[in-house]
Amino acid sequence: MERPGRFADATAELEEAQYVVLGVPFDRTTSFRPGARFGPDSIRQHSWNFESYDLETGVDLTDVPIHDLGNAPEFGSAGQMVASMRSELAPIYAAGKIPIVLGGDHACAPPCVEAYPEPSELGVLYLDAHLDFRASYLGDDRSHACSSRRIVERVGARNVVVLGVRSVSKEEVEDNQGIGMPYVTAHEVARDGIESTVQRALNMLKTDKVYVSLDIDVLDPSFAAGTGTPEPFGLTPRDVKYAIGQVAPRLAGLDIMEVAPPFDNGNTSALAARLAREAIVRNVVARRGR
Ligand code: MN
Ligand code: MN
């Protein structure tokens, strides 16, 4: 493999970049098995596997201004990570750029949303096997088990929709009855098909801009075994590719979290890299059409 130090085709300077990659090698809130701290570099390494030219759209990523900021430093606590991520991402949004954040565990997602300058104008598509809706987990309200809850507190329950969920505690369901964050389960996707379920989910988000938080465990473990909390009966790579393609014209930012390379042979990192490239390519096409 070549050039693992940065994301493939990320050759632009920060000033001219439209897409800005940032790695967050933080997995201190992982609840089952750690390893997501190795996600950013593994995703970068596997990104070099792909051709820069996209057959479906005709977009060549060598023509797209992408910058890679490298990795955030190590953090001793989730609180430190949150504060640092907010200040790192705020100027990226302010400059009209789209951040592509590579985690790291899912605790790294809420600060990416919290850094957005107009939270009431931001929808969030939250792709996850889990609801992540605990008020607090093991005494930490910044645990990856609390991430959708923190995001709802920022943008409002009606501006978030979870897609692909299939693992949830009774307490989370009961808590949510009074809060009302909508979700579409993986079982509904299997029953109704990805096209109608994605449309249903995206129609719930009334904002122009949508932030996409992709917990890689939304995919079935047969496709994405390299993750900390694998959950059977998940989405296919094509399902997630389709969802990303549909939301891409409204894309405000993207994170890909919970890729834990120690648990597979690199397939999950390759898939994560490919999905990040899909989001960029589809957003480029939408911008050209404007
Ligand atoms: Mn999650
Ligand atoms: Mn999850």
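Numbered per this note's numbering, the sequence shown spans residues 1039 to 1328. Built from N, CA and C at the ideal position, the CB exists for glycine as well.
Exercise. Just to check, is the beta-carbon of residue 1267 closer than 7 angstroms to a non-hydrogen atom of ligand 2?
Worked result: Residue mapping note: residue 1267 aligns to position 229 of the sequence shown, counting from 1. Yes, the Cβ of residue 1267 comes within 7 angstroms of a heavy atom of ligand 2.
Exercise. Looking only at C-alpha atoms, which of 1174, 1189, 1269, 1203 sits nearest to residue 1248?
Worked result: Taking the first residue of the sequence shown as 1, we reach residue 1248 at position 210. The candidate whose alpha carbon is nearest that of residue 1248 is 1189.
Exercise. What separation, rounded to the nearest whole angstrom, lies between the Cα atoms of residue 1160 and residue 1270?
Worked result: In the sequence shown, residue 1160 corresponds to position 122, counting from 1. In the sequence shown, residue 1270 corresponds to position 232, counting from 1. Residue 1160 and residue 1270: Cα-Cα distance of roughly 31 angstroms.
Exercise. When burial is assigned at 16 or more other CB atoms within 10 Å of the CB, is residue 1218 buried or exposed?
Worked result: As a first step, residue 1218 must be located in the sequence shown, where it is residue number 180. Residue 1218 comes out exposed.
Exercise. In the structure shown, what three-state DSSP assignment does residue 1154 receive?
Worked result: Along the sequence shown, one-based indexing puts residue 1154 at 116. Looking at residue 1154 - three-state DSSP - the assignment turns out to be coil, as it is neither helix nor strand.
Problem set entry | Three-state secondary structure assigned by DSSP to residue 1247 | Numbered from its first residue, the sequence shown carries residue 1247 at position 209. Residue 1247 falls in the strand class under three-state DSSP.
Exercise. Which residue's Cα is closest to the Cα of residue 1281: 1200, 1261, 1299?
Worked result: As a position in the sequence shown, residue 1281 is number 243, starting the count at 1. Ranking the options by Cα distance to residue 1281, first place goes to 1200.
Exercise. Taking the alpha-carbon positions, what's the residue 1104 to residue 1059 distance?
Worked result: Locating residue 1104 in the sequence shown gives position 66, where the first residue counts as 1. Locating residue 1059 in the sequence shown gives position 21, where the first residue counts as 1. Spanning the two alpha carbons is a distance of roughly 7 angstroms.
Exercise. From residue 1299 to residue 1070, what distance separates their C-alpha atoms?
Worked result: To locate residue 1299, count along the sequence shown from 1; it is residue 261. To locate residue 1070, count along the sequence shown from 1; it is residue 32. Residue 1299 and residue 1070: Cα-Cα distance of roughly 15 angstroms.
Exercise. Under 7 angstroms from any heavy atom of ligand 1, does the C-beta of residue 1166 make it?
Worked result: In the sequence shown, counting from the first residue as 1, residue 1166 sits at position 128. Answer for residue 1166: yes, Cβ within range of ligand 1.
Exercise. Quick one, are the C-beta atoms of residue 1133 and residue 1061 less than 8 angstroms apart?
Worked result: By one-based count along the sequence shown, residue 1133 stands at place 95. By one-based count along the sequence shown, residue 1061 stands at place 23. Contact: no.
Exercise. What do you reckon, are the CB atoms on residue 1227 and residue 1250 nearer than 8 angstroms?
Worked result: For this step, residue 1227 is matched to residue 189 along the sequence shown. For this step, residue 1250 is matched to residue 212 along the sequence shown. Cβ atoms of residue 1227 and residue 1250: not closer than 8 angstroms.
For this session: Flag this pair as yes or no: are the beta carbons of residue 1272 and residue 1259 separated by less than 8 angstroms?
Result: The residue you call residue 1272 lines up with position 234 of the sequence shown. The residue you call residue 1259 lines up with position 221 of the sequence shown. Yes, the pair counts as a contact, with Cβ atoms nearer than the cut-off.
Exercise. For residue 1046, which residues of its own chain have a beta-carbon under 6 angstroms away from its beta-carbon, when the five flanking residues on both sides are left out?
Worked result: If you number the sequence shown from 1, residue 1046 lands on position 8. Result list for residue 1046: 1085, 1086, in chain order.
Exercise. Can we count residue 1207 as close to ligand 1, meaning its CB is less than 7 angstroms from some heavy atom?
Worked result: Indexing the sequence shown from 1 puts residue 1207 at position 169. Outside the cutoff, so no.
For this session: Please find out if some non-hydrogen atom of ligand 2 comes closer than 7 angstroms to the beta-carbon of residue 1210.
Result: Counting from 1 along the sequence shown, the entry for residue 1210 is found at position 172. No, since every heavy atom of ligand 2 falls outside the 7 angstroms radius drawn around the Cβ of residue 1210.
Exercise. Any idea if residue 1207 is buried or exposed, counting beta-carbon neighbours within 10 angstroms, 16 or more meaning buried?
Worked result: On the sequence shown, residue 1207 is found 169 positions in, with the first residue counted as 1. Classification for residue 1207: exposed.
Problem set entry | Continuous beta strand (DSSP E) stretch holding residue 1105: start and end | Within the sequence shown, residue 1105 is the residue found at index 67, counting from 1. Residues 1104-1109.
For this session: Would you be able to state if there are at least three C-beta pairs under 8 angstroms between the region 1304-1323 and the region 1151-1158?
Result: no
For this session: If I'm right that residue 1262 touches residue 1309 with Cβ under 8 angstroms, what's the distance once you round it to whole angstroms?
Result: Translated into the one-based positions of the sequence shown, residue 1262 becomes position 224. Translated into the one-based positions of the sequence shown, residue 1309 becomes position 271. At roughly 6 angstroms, the Cβ-Cβ gap stays under 8 angstroms, so residue 1262 and residue 1309 are in contact.
Exercise. Beta carbon of residue 1296: closer than 7 angstroms to some heavy atom of ligand 1?
Worked result: For the purposes of this step, residue 1296 is taken as the residue at position 258 of the sequence shown. Yes, Cβ of residue 1296 sits closer than 7 angstroms to a heavy atom of ligand 1.
Exercise. So, are the CB atoms of residue 1307 and residue 1297 less than 8 angstroms apart?
Worked result: Residue mapping note: residue 1307 aligns to position 269 of the sequence shown, counting from 1. Residue mapping note: residue 1297 aligns to position 259 of the sequence shown, counting from 1. For residue 1307 and residue 1297, yes; Cβs fall inside 8 angstroms.
Exercise. Rounded to a whole number of angstroms, what is the C-alpha to C-alpha distance between residue 1327 and residue 1321?
Worked result: In the sequence shown, the residue the question calls residue 1327 occupies position 289. In the sequence shown, the residue the question calls residue 1321 occupies position 283. Rounded to whole angstroms, residue 1327 to residue 1321 spans 10 angstroms at the Cα level.
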